[in-house]
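One structure is given here, and the rest of the page talks about it.
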Amino acid sequence: MPEGHSIHRLARQFRDVFAGEPLRVSSPQGRFADGARRLDGATLVDARAHGKHLFLDFDVDLVMRVHLGLYGAWSFGGDETFRGASSIGAPRRMGETETFDRAATPGPDDGGAPAYSGPPEPVGQVRARLVSAHGWADLRGPSACEVITPGEAAAVVARLGPDPLVAGTGPGEFLERVTRRSVALGQLLMDQAVLSGVGNIYRAESLFRAGLDPWLPGRRLGAADGVRLWEDLAGLMADGVRVGRIITTEPEHRDAVDPDGEPAPLWPDNAHYVYQRDGLDCRVCGTAVRVTQMQARNLFWCPGCQAP
DNA sequence: CCTTAATGGACAT
DNA sequence: TGTCCCTTAAGGT
Numbered sequence: 001m002p003e004g005h006s007i008h009r010l011a012r013q014f015r016d017v018f019a020g021e022p023l024r025v026s027s028p029q030g031r032f033a034d035g036a037r038r039l040d041g042a043t044l045v046d047a048r049a050h051g052k053h054l055f056l057d058f059d060v061d062l063v064m065r066v067h068l069g070l071y072g073a074w075s076f077g078g079d080e081t082f083r084g085a086s087s088i089g090a091p092r093r094m095g096e097t098e099t100f101d102r103a104a105t106p107g108p109d110d111g112g113a114p115a116y117s118g119p120p121e122p123v124g125q126v127r128a129r130l131v132s133a134h135g136w137a138d139l140r141g142p143s144a145c146e147v148i149t150p151g152e153a154a155a156v157v158a159r160l161g162p163d164p165l166v167a168g169t170g171p172g173e174f175l176e177r178v179t180r181r182s183v184a185l186g187q188l189l190m191d192q193a194v195l196s197g198v199g200n201i202y203r204a205e206s207l208f209r210a211g212l213d214p215w216l217p218g219r220r221l222g223a224a225d226g227v228r229l230w231e232d233l234a235g236l237m238a239d240g241v242r243v244g245r246i247i248t249t250e251p252e253h254r255d256a257v258d259p260d261g262e263p264a265p266l267w268p269d270n271a272h273y274v275y276q277r278d279g280l281d282c283r284v285c286g287t288a289v290r291v292t293q294m295q296a297r298n299l300f301w302c303p304g305c306q307a308p
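Here the first sequence is numbered in this note's numbering, starting from 1 and rising by one per residue.
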């Protein structure tokens, strides 16, 4: 699934294109029918993210909570006020992609393209559909999609660890939660009760950039290293929100040319240090990057740069 | 065309 | 540790 940066982009998108308007809410697939009925006709007042959870606040004192899980995705379309609308989420082998639904959004340059006349027939299993006067959003394949009270939403946030993308959040709480555990740092970074929003790519890349051994017990992480790790993650994830992709390499570590001698593009092959680079030479020390399972997920690391 | 793995996580066993 | 969620794209036939 998209990591935390994508969910923050989604929250921004919902604020930009739906907030302040009454929405028709439905569930073409049927599995969100009850929830849709409770929200239908209500006005979206805010959209926010904490880690990988998206919260849509409606003026009827109800909140729609969505977690995309491994392969959930939102797609958008609409009229000219939806310019920049995109599809965010879903598993993408080479990383997150965002595609603009041009067919549904004719612009001034599109000549005779038909004007926006409402959302298309639902394609596939559309769990939830939100429609305003200007556009629509379809949700497919989420692991969670429910209507809850503001109090219940607050309880969800309360049991999550700090999110580096939430303004005003510092490393203190993160350090506290990491250093009282003896399990591996690589496991703790993926634990949403320790830190919110980090997934498998940010885990691997941030540990590499910090030169930290993924098997280091949390309680053995020094305060200075912990603060550096947090600050680096905060920067990487903020970049992710801005760019829409996870890019963690520094320019001096990227390949100038690809195997065919052509100038190598940044995306996708030059974007990461270790993620999905097992068997390739480390960009920094030349040691072969390795992969192993940690908590049923692939963990990529460089034995040279991240030695115990 | 079919198979498989993928940026999660809740829940059952 | 296994199952679901039931999408998507890469990679192999």
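Virtual Cβ for every residue (Gly too), placed ideally from N, Cα, C.
- Taking a 10 Å sphere around the C-beta of Val178, we find 16 or more other C-beta atoms and assign the residue as buried.
- A Cβ-Cβ distance of about 6 angstroms is found for the pair Ala210 and Arg228, placing them in contact under the 8 angstroms criterion.
- Taking C-alpha positions only, His272 is separated from Val194 by approximately 24 angstroms.
- In the three-state reduction of the DSSP assignment, Ala204 falls in the helix class, which pools H, G and I.
- Judged by DSSP in its simplified three-state form, Leu10 adopts helix.
- Within the model, the alpha-carbon separation for Ile7 versus Gly222 is close to 30 angstroms.
- Judged by their CB atoms, Leu185 and Leu212 are nearer to each other than the 8 angstroms cut-off.
- Under the DSSP definition of a beta bridge, Met190 lacks any partner.
- Assigned with DSSP and collapsed to three states, Asp213 falls in coil, not helix or strand.
- A distance of 8 angstroms or more separates the beta carbons of Arg283 and Trp301.
- For Phe32, the secondary structure class from DSSP, reduced to helix, strand or coil, is coil.
- Straight through space, the alpha carbons of Gly218 and Asp225 are spaced by roughly 11 angstroms.
- Excluding residues up to 5 positions away in sequence, Trp74, Arg127 and Ala128 lie with their Cβ nearer than 6 angstroms to the Cβ of Leu139 in the same chain.
- Excluding the 5 residues flanking it on each side, Ile246 has same chain C-beta neighbours closer than 6 angstroms at Ile201 and Gly240, in chain order.
- Collapsing the DSSP output to three states places Glu21 in coil.
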